[in-house]
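**Q** Residue numbers (my numbering): 1 to 305.
We treat Cβ as the ideally placed atom computed from N, Cα and C, and that holds for glycine.
The following block contains the structure:
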């Protein structure tokens, strides 16, 4: 595997990888340790990793203990001031735990939120829902934000001094409010602001699958949009794939959706020819049909990582 990894290490040296870390990969000591080791290894071979983390299950747990109720609209948590305060508490704790684990494994990590160094300016999300009669209406989901802009200078400074940024997905608006933002979206916008080589989203599934339930090793943006329209890509995978498409349109070279439940999933995806998840690319020169994807999967190879 080391010999197989050599050309990829050479190719990606000096490049930036933005990794969204969340889900089951955060829930066991073994997987947390494995992820920290991966981040440190990337750093030691000359790649610049940036970690953006979530914390949804942990936020739900604390909210329950505080006697508050979780309510969701189209997958977004309705966030009143009390819920926002609880979310910040949880995200800060998670952030420092990730920093400590990376540091314990030999990396120099720095914990941040989007409010530090004017990193993420945000605005209130305007949620519009459609009822069963097709009527559209606006729903107030509280302190849930969208990314207005990213200031990458702080991240470039940390990278230049060999620090690993670990970022909690909050930002602040022109109104002074703190907003909770979807971690996938934050990771995508940060990757776009830095024109990163890769955006890697850790998920709780293998990757994107075709209509027969087979893993698609490679998918381009046009194919992805068709699969969403046909309902092949559905439910929670839609926002992840749309996040990848958006990042690609803004200058990220490649994006990946991988199974965070697998130990060393990041290394297996980027340093082996076969990979283990789905890479989403802007376009492919040829072979865009799904059967070709299936043949590539059976051969255990991709055209390029």
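(1) Which residue marks the beginning of the beta strand (DSSP E) containing residue 220, and which one marks its end?
(2) Answer yes if the segment 199-213 comes into contact with the segment 14-34, meaning at least three C-beta pairs across the two stretches below 8 Å, and no otherwise.
(3) Does the distance from the CB of residue 247 to the CB of residue 191 come in under 8 Å?
(4) Nearest to residue 232 by CA position, among 244, 245, 214, is which residue?
(5) Under a three-way DSSP split, which group does residue 30 fall into?
(6) From residue 264 to residue 171, what does the alpha carbon distance come to, in whole angstroms?
(7) Could you tell me which whole beta strand (DSSP E) segments of length 3 or greater appear in the segment 86-130?
(8) If residue 257 and residue 277 are in contact, beta carbons under 8 Å, what's the gap, nearest whole angstrom?
(9) In the segment 165-230, which residue ranges form an unbroken alpha helix (DSSP H) of at least 4 residues, counting only runs that do not cross its ends?
(10) Cβ of residue 181 within 8 Å of Cβ of residue 165?
(11) I'd like the span of the alpha helix (DSSP H) that includes residue 17, first residue to last.
(12) On the three-state DSSP scale, how would you describe residue 47?
(13) Quick check on residue 137: does DSSP put it in helix, strand or coil?
(14) List the endpoints of the continuous beta strand (DSSP E) containing residue 11.
(15) Count the other CB atoms, across all protein chains shown, that sit within 10 Å of the CB of residue 37; report buried if there are 16 or more and exposed otherwise.
(16) How many angstroms separate the CA atom of residue 153 from the CA atom of residue 117?
(17) Where does residue 163 fall in DSSP's three states?
(18) Taking Cβ to Cβ, would you say residue 177 is nearer than 8 Å to residue 147?
(19) When you compare only the Cα positions, how much space is there between residue 134 and residue 128?
(20) At a cut-off of 7 Å, is residue 180 close to the ligand ADP when judged by its beta-carbon and the heavy atoms of the ligand?
(21) Counting pairs of Cβ atoms below 8 Å between the segment 86-100 and the segment 60-67, do you hit three or more?
**A** The answer reads as follows:
(1) Within the chain shown, numbered from 1, the residue matching residue 220 stands at position 220. 218-220 is the extent of the beta strand (DSSP E) around residue 220.
(2) yes
(3) Counting from 1 along the chain shown, the entry for residue 247 is found at position 247. Counting from 1 along the chain shown, the entry for residue 191 is found at position 191. A contact, by the Cβ cut-off of 8 Å.
(4) Along the chain shown, read from residue 1 onward, the residue named residue 232 stands at position 232. Comparing Cα positions, the closest option is 214.
(5) As a first step, residue 30 must be located in the chain shown, where it is residue number 30. Helix, per DSSP.
(6) Counting from 1 along the chain shown, the entry for residue 264 is found at position 264. Counting from 1 along the chain shown, the entry for residue 171 is found at position 171. Distance between the alpha carbons of residue 264 and residue 171 is about 30 Å.
(7) 109-113, 120-124, 127-130
(8) As a working note, residue 257 is residue 257 in the chain shown. As a working note, residue 277 is residue 277 in the chain shown. Going by Cβ atoms, the distance from residue 257 to residue 277 rounds to 6 Å, so yes, they are a contact pair.
(9) 183-194, 221-229
(10) Here the question's residue 181 lines up with position 181 in the chain shown. Here the question's residue 165 lines up with position 165 in the chain shown. No. Outside cutoff.
(11) If you number the chain shown from 1, residue 17 lands on position 17. Counting along the chain, residue 17 falls outside any alpha helix (DSSP H), though it belongs to the beta strand (DSSP E) covering 16-21.
(12) Here the question's residue 47 lines up with position 47 in the chain shown. Coil at residue 47, not helix or strand.
(13) Here residue 137 refers to the residue found at position 137 when the chain shown is read from its first residue. Strand at residue 137.
(14) By one-based count along the chain shown, residue 11 stands at place 11. First-last for residue 11: 2-12, but that is the alpha helix (DSSP H), not the beta strand (DSSP E).
(15) By 1-based counting over the chain shown, the position of residue 37 is 37. Label assigned to residue 37: buried.
(16) Along the chain shown, read from residue 1 onward, the residue named residue 153 stands at position 153. Along the chain shown, read from residue 1 onward, the residue named residue 117 stands at position 117. Rounded to the nearest angstrom, the two C-alpha atoms are 9 Å apart.
(17) Numbered from its first residue, the chain shown carries residue 163 at position 163. In the structure shown, residue 163 sits in coil (DSSP, three-state: anything other than H, G, I, E or B).
(18) Translated into the one-based positions of the chain shown, residue 177 becomes position 177. Translated into the one-based positions of the chain shown, residue 147 becomes position 147. No. Outside cutoff.
(19) For the purposes of this step, residue 134 is taken as residue 134 along the chain shown, with counting starting at 1. For the purposes of this step, residue 128 is taken as residue 128 along the chain shown, with counting starting at 1. The straight-line gap from Cα to Cα measures roughly 12 Å.
(20) Absent from the structure shown: the ligand ADP. Ligands present: none.
(21) yes
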